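Below is one structure, written out as structure tokens, with a few remarks after it.
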Amino acid sequence: MKPVGMSDSAAQTYPRFGLVIWHGLPLAAYGKLLADNGCRVSWNRWDRAFAFGLSGTLNSLLNLADRVAFGQRVENLQLKHDPIFIIGHWRTGTTLLHELLARDGQFGFASTYQCMAPGHFLVSQRFLAPLTRFLLPRRRPMDNMPVDWNRPQEDEFGLCNLGLPSPYLQWMFPRTMPGYDQYLDLAELSDADYRRWKAGMLLLVKRIAYSNPRPLVLKSPPHTARIKTLLELFPHARFIHLVRDPEVMIPSTVHMWKRMSQSMGLQHGCCDQVVDRVFDNFSRMYRSFEQQRDLIPENRLVELRFEDLTCDMLAQVQRIYQCLSLGDFERVRPDMEQFRQEVADYRPNVYQLSAELGARIATTCRSYTQRYGYRARARGC
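For the sequence shown, my numbering assigns the number 58 to the initial residue and increments by one for each residue that follows.
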């Protein structure tokens, strides 16, 4: 499956020797990943594997310095605000909405640098971020969205770089596809692993809140399957759930999975089962979400469709502000309008949908399409 209209230059925007998120792994976590996958690194990726080892050593040293300087203060921090979580399957517009809400100065967010260096950004961001900015890719590999240290980022990457397993680690070893599926919904974890995940999530939020005490807007598609756990940690959390036509969402996610594996992996190529993996993740995610969505009080959940968000961005964001009591929308309307104009020319990839994939989407995503009104392909505005 190939996106229609994506140029060769767009496909090559991720630099071969640029920084990728795994440069933020501490050495012990990186070594465990190598061991768990039998050190099966492709011959043309050993330079990257070596670079991860060097950066892992630096991360471990900086993590230690950070704990000495800030560890007790972060541990003693009392959170004043529970986060607002942007959830929804991959490629449903969660990044777009995250960037949009970040324009409101009343909110904080997890930045790209904080997610790259979650264990030491309190001591390193001031000097290391400027020194390494030139190593960042200009655009994300799957959709050409801009990349910068100070832009909003998925906190799932921060969890990975704290040493917690995640389905995202499959992008590092795309051919062996390590089995971290249970970390999508956390349902099959041992008590010890579950407590460890919760402690890591709370630590990450506290560290971000320590550097920025404003209410946090966090975004991560895997959190869609973790509602119960998130409410255990943050009882007053609010949620924004985005959905999209599966006939677009699923092919776009397959494309993303392949591009991320190509750009960030230690193995050349991709597993033949990547489409199966996408469908398995979808089923696990929405089985969990539908079982747990009633745990969210009605006034703390708002749902919207990607198609409505892109057709009338300001009206949809105003609805979010009203439903979740986020304050006077008119105060931020000018900033939101400026952002809308900045992204007005952005065009998503268009995918050729095979009959086989279309039939599988119709079967696997039937309840999703019925609940959210996607009985036919979305036609736009």
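Even glycine gets a Cβ: it sits at the ideal position worked out from N, Cα and C. If you're wondering where the values come from, they're calculated on a predicted model, not measured in any experiment.
Spatial neighbours of residue i in its chain, beta-carbon cut-off 7 Å, leaving aside the 5 residues before and after
i	result
Ala-86	Gly-220
Leu-158	Phe-164, Val-274
Met-258	Leu-216, Leu-290
Leu-287	Phe-142, His-280, Ala-294
Asn-269	Gly-165
Phe-346	Thr-281, Ala-282, Ile-284
Distance between residue j and residue i (C-alpha atoms, nearest Å)
i	j	result
Leu-188	Pro-209	19 Å
Gln-182	Tyr-170	7 Å
Asp-250	Trp-103	31 Å
Leu-358	Phe-142	10 Å
Arg-295	Trp-100	46 Å
Gly-384	Arg-350	24 Å
Ala-68	Arg-316	Interpretation of Ala-68 is limited by its pLDDT of 38, a score under 50 that renders its predicted location unreliable; the figure taken from the coordinates is listed afterwards. Approximately 8 Å, taken between the alpha carbons.
Gln-409	Glu-360	28 Å
Thr-426	Asp-333	19 Å
Phe-214	Ser-277	9 Å
Cys-172	Val-77	11 Å
Arg-341	Tyr-431	20 Å
Val-180	Lys-285	33 Å
Tyr-343	Pro-292	21 Å
Met-306	Ala-126	44 Å
Tyr-237	Met-393	37 Å
Arg-376	Ala-92	48 Å
Phe-178	Pro-354	34 Å
Phe-363	Arg-390	20 Å
Leu-243	Lys-255	10 Å
Leu-111	Ala-372	48 Å
Gly-81	Asn-116	7 Å
Glu-245	Gln-239	6 Å
Ala-106	Val-374	42 Å
Ser-424	Ile-297	20 Å
Arg-253	Ala-401	42 Å
Pro-175	Ala-412	43 Å
Val-311	Ile-418	12 Å
Val-331	Met-321	15 Å
Pro-60	Val-407	Its pLDDT being 49, under 50, Pro-60 is placed unreliably in this model, and the value from its coordinates should be taken loosely. So the alpha carbons of these two residues sit roughly 5 Å apart.
Arg-190	Tyr-225	23 Å
Asp-123	Cys-96	30 Å
Phe-184	Pro-203	22 Å
Asp-248	Leu-121	27 Å
Phe-339	His-146	7 Å
Asn-207	Thr-152	14 Å
Contacts around residue i, its chain only, beta-carbon distance under 6 Å, and the 5 residues preceding and following it disregarded
i	result
Asp-205	none
Thr-421	Phe-336
Phe-37	Outside the displayed range of the chain (58 to 438) lies residue 37, so it cannot be described from this structure.
Arg-388	none
Met-370	Arg-397
Gln-324	Ser-99, Phe-230, Pro-231, Arg-232
Leu-366	Gly-150, Gln-373
Asp-161	Val-389
Leu-119	His-177, Ser-181
Residue range of the beta strand (DSSP E) that includes residue i
i	result
Lys-276	274–276
Ile-78	Premise fails: Ile-78 is in no beta strand (DSSP E) and is neither H nor E.
Residues sharing a beta bridge with residue i, DSSP
i	result
Glu-360	His-298
Gly-165	Leu-273
Phe-142	Leu-275, Phe-296
Pro-308	Answer is none; Pro-308 lacks a bridge partner.
Pro-231	BP columns for Pro-231 are empty, so no partner.
Pro-209	Ser-168
Sequence-distant residues of its chain with Cβ nearer than 8 Å to residue i (five each side left out)
i	result
Leu-134	Lys-263, Ala-266, Tyr-267
Ser-382	Asn-356
Gly-75	Leu-192, Leu-193, Pro-194
Gln-348	none
Arg-130	Tyr-267
Integer Cβ distance of residue i from residue j, believed to fall under 8 Å
i	j	result
Ala-282	Leu-241	5 Å
Arg-440	Arg-397	This structure gives no information on residue 440, because the portion of the chain shown stretches from 58 to 438.
Leu-261	Leu-216	6 Å
Leu-414	Pro-308	7 Å
Leu-299	Leu-154	7 Å
Ala-167	Asp-212	5 Å
Lys-90	Gly-113	Per the sequence presented here, residue 90 reads as Leu, with Lys not at that position. About 10 Å; that fails the 8 Å criterion.
Residue i - containing alpha helix (DSSP H), residue span
i	result
Gln-349	331–349
Ala-186	178–189
Phe-109	103–132
Lys-255	248–268
Lys-137	First-last for Lys-137: undefined, no H or E at that position.
Asp-242	239–242
Thr-281	Element bounds for Thr-281: n/a, residue is neither H nor E.
Asp-402	That residue, Asp-402, is in no alpha helix (DSSP H); it is neither H nor E in DSSP.
Tyr-378	370–381
Gly-88	84–93
Ser-223	Ser-223 -> no alpha helix (DSSP H), and no H or E assigned at all.
Distance cut-off 6 Å: residue i Cβ against heavy atoms of the ligand SAH
i	result
Met-229	With respect to the ligand SAH, the structure offers nothing, as it holds no ligand at all.
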